[in-house]
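Asker:
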Amino acid sequence: MQPIEQAPHPGGGLSVIAAPADGVCVLTLAGEIDHDTGETLRQALDLSVTGQPRIVADLRQVTFMDSSGINILLTAHHAATEAGGRLRLAAPTPAVLRTLQIVGIDQIIDCHPTLQDALDH
1 MQPIEQAPHP
11 GGGLSVIAAP
21 ADGVCVLTLA
31 GEIDHDTGET
41 LRQALDLSVT
51 GQPRIVADLR
61 QVTFMDSSGI
71 NILLTAHHAA
81 TEAGGRLRLA
91 APTPAVLRTL
101 QIVGIDQIID
111 CHPTLQDALD
121 H
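Position one of the sequence shown corresponds to residue 1 (UniProt numbering), numbered consecutively onward.
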């Protein structure tokens, strides 16, 4: 897998940088995940794009996530699991972590305090 970069949408939005790391696709996300940017996240998490079903989404630069992002993460989690892989979330900001905890996603998808922790486990 070659590193992929998608620039943020004009006026903010979401940027995605994908890079391989020891058999895992690391997606570094920055910006907001909402209805307007959901398709960018959906495409980045697509297993045909990542090239393999082991994915870590680095959320430390995500400033906001709504239910659109939650649904996309759940769909990606199920797809990765069915393909014999996994989706892990790394370093969510306090606001994003609160959203994940409120809806219980942190109980379904492994959520780690740092990127390294997500890669190690």
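Ideal Cβ placement from N, Cα and C applies to all residues, glycine included.
Computed from a predicted model, the values in this text were never measured in an experiment.
#1: Expressed to the nearest angstrom, what Euclidean distance is found between the alpha-carbon atoms of C111 and R88?
#2: Less than 8 Å between the beta carbons of A90 and L115, yes or no?
#3: What residue range is occupied by the uninterrupted alpha helix (DSSP H) comprising I72?
#4: Quick one, are the C-beta atoms of L59 and P94 less than 8 Å apart?
#5: How many angstroms separate the CA atom of P8 from the CA atom of A57?
#6: Please list the segments of the alpha helix (DSSP H) lying wholly inside the UniProt domain "STAS" (14 to 121), counting only runs of 4 or more residues, in order along the chain.
Answerer: On the basis of the supplied data:
#1: 6 Å
#2: yes
#3: 67 to 82
#4: no
#5: Residue placement at P8 cannot be trusted, given a pLDDT of 47 that sits under 50; the coordinates are not used to answer.
#6: 38 to 45, 47 to 50, 67 to 82, 94 to 103, 115 to 120
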